[in-house]
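Counting with numbering that gives the first Met the number 0, you get residues 0 to 308 for the letters of the sequence shown.
Yeah, the Cβ is synthetic: ideal placement off N, Cα and C, and Gly gets one too.
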Amino acid sequence: MKTASHLRILVSLVVLLPLGLLGAACTTATAGHNGEIVAVGAESQYADVISQIGGRYVDVTALLRNPNTDPHTFEASPSVARTVSDAELVVQNGARYDSFINTIEAASPNGKRKVVNVQELLGFAITTSNPHLWYEPKVMPVVARAIERDLSALEPSHRGYFRQRLASFERSLAPWLSAIARFRAEYRHVAVATTEPVANYMLQAVGVDDKTPFALQADIMNGVDPAPQDITLEDNLLRGHKVKALVYNEQVADSVTESFLAIAKASGIPVVGVYETMPTPGYDYQSWMLAEVHALERAVAERVSTERL
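Take a look at the structure:
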């Protein structure tokens, strides 16, 4: 989440949504092509879970979905505004990560629309220092239940179907949760370095010791030049082999993070690439999260890098 980028997003909305379009957006949500519930996931991981719960009865669009681009540079267009305004169900991260959606929703009021704000749902403060909530293992089961609740309210005749798919989704999280427990039992307190707090909730769950100052992570996340002393500390962690892995945000790179990456490689420190949107193809939310734990384990146990999933 970069403050400057988010400001650009909001400015883009003001420019891209003239009064005529805003007025046109204030309509009742339309049904999907085959009568499905029209749904939007602000990030691809939330869209994926909507799809897993809703199955054949939902028509889902993911807004932030390209794993090869910086999600902070996303600019909402008129077509994005129409997609959101037409939606009967919207799942958004909150925590100021995707606040452009709030602007669209306010411009296109719809009494039927269900909105799941993950930050509010889980009781995180809007000012939480780490908005990458989907890496917290406790989050997505709660989100999935909220999705099932809202889909069932929109289409009560399919409630049984949605509940069955919810139960299947909850069971499918077991391998990830088991991998977290195994890692924690085997490698708890192992030292790692990070560039941003992207996967920090999961790193906390597996019990590693993140040696990178949070101030450095936050500065990189927010597009602020890090303090020289923090950069020096990170350099020393890598050059001095004081950490077993560098957890690196593959979607956001600049000269500072690229320098850390180069030092890690030169020092023989394995790199674990993490993502802000779901890597594709071939992943769903739960297999993505499981792959990240496995990548971290390979780095710590075998000194093997997994820069890209």
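Just the C-alpha distance for residue i and residue j, rounded to the nearest angstrom, thanks.
i    : j    : result
V37  : A94  : 24 Å
M139 : Q285 : 9 Å
A145 : P278 : 24 Å
V10  : E74  : Bear in mind that the predicted position of V10 carries a pLDDT of just 33, short of 50, making it too unreliable to give a figure here.
S107 : S84  : 6 Å
N101 : A265 : 44 Å
P225 : D253 : 12 Å
L121 : T231 : 36 Å
I49  : I125 : 23 Å
V189 : G267 : 17 Å
D311 : E35  : Residue 311 is absent from the model: the chain starts at 0 and stops at 308.
V141 : Q163 : 16 Å
L308 : P280 : 10 Å
M288 : R81  : 31 Å
F123 : L62  : 23 Å
I52  : V223 : 39 Å
P77  : N109 : 18 Å
N221 : R158 : 41 Å
V303 : A290 : 14 Å
G103 : H240 : Gly is not the amino acid found at residue 103; the sequence shown has Ile there. So the alpha carbons of these two residues sit roughly 48 Å apart.
T72  : A217 : 17 Å
P292 : P174 : Sequence inspection shows Val at residue 292; the Pro mentioned does not correspond to that position. Their backbone Cα atoms lie some 10 Å apart in a straight line.
S258 : E233 : 10 Å
A105 : L202 : 36 Å
What whole-angstrom Cβ distance do residue i and residue j have, given they're in contact under 8 Å?
i    : j    : result
V242 : V191 : 5 Å
D58  : D283 : 18 Å between Cβ atoms; not a contact.
Y134 : Y200 : 4 Å
S183 : G206 : It should be pointed out that residue 183 corresponds to Arg in this sequence rather than to Ser. Rounded, the Cβ-Cβ distance is 4 Å, consistent with contact.
V90  : V115 : 4 Å
R238 : I262 : 6 Å
V39  : T68  : Rounded, the Cβ-Cβ distance is 19 Å, inconsistent with contact.
T193 : V246 : 4 Å
R64  : S98  : About 18 Å separates the two Cβ atoms, so there is no contact after all.
K111 : E147 : Not confirmed; about 18 Å, so no contact.
Please classify residue i as buried or exposed, where buried requires at least 16 neighbouring CB atoms within 10 angstroms.
i    : result
T27  : For T27, the pLDDT reaches just 31, beneath the cut-off of 50, and the residue's location in the model is therefore unreliable, although a value from the coordinates is still provided. Per the 10 Å Cβ criterion, exposed.
R187 : exposed
E249 : buried
A178 : buried
R170 : exposed
N92  : buried
N235 : exposed
K113 : buried
P66  : buried
A152 : exposed
P227 : exposed
N33  : exposed
A298 : buried
Cβ of residue i within 9 Å of Cβ of residue j?
i    : j    : result
F168 : L150 : no
L172 : A244 : no
A143 : L176 : no
H131 : A214 : no
A300 : E185 : yes
T256 : P70  : no
S128 : P196 : yes
V270 : L260 : yes
V117 : Y45  : yes
P155 : A204 : no
Could you spell out the range, first to last residue, of the beta strand (DSSP E) harbouring residue i?
i    : result
Y247 : 245 to 248
E147 : Element bounds for E147: not the beta strand (DSSP E) but the alpha helix (DSSP H), 138 to 153.
G397 : Any question about residue 397 goes unanswered here, given that the chain covers just 0 to 308.
V270 : 270 to 273
T193 : 190 to 193
Along the chain, where does the alpha helix (DSSP H) that runs through residue i open and close?
i    : result
T60  : No alpha helix (DSSP H) holds T60; the beta strand (DSSP E) holding it covers 57 to 63.
K113 : From DSSP, K113 is part of no alpha helix (DSSP H) but of the beta strand (DSSP E) over 113 to 116.
L237 : 227 to 238
T82  : 77 to 85
L88  : Careful: L88 lies outside any alpha helix (DSSP H), inside the beta strand (DSSP E) at 88 to 91.
E104 : 99 to 106
L172 : It is not in any alpha helix (DSSP H) - L172 carries neither H nor E in the DSSP assignment.
L202 : 199 to 205
A294 : 284 to 301
I262 : 254 to 266
L215 : 213 to 220
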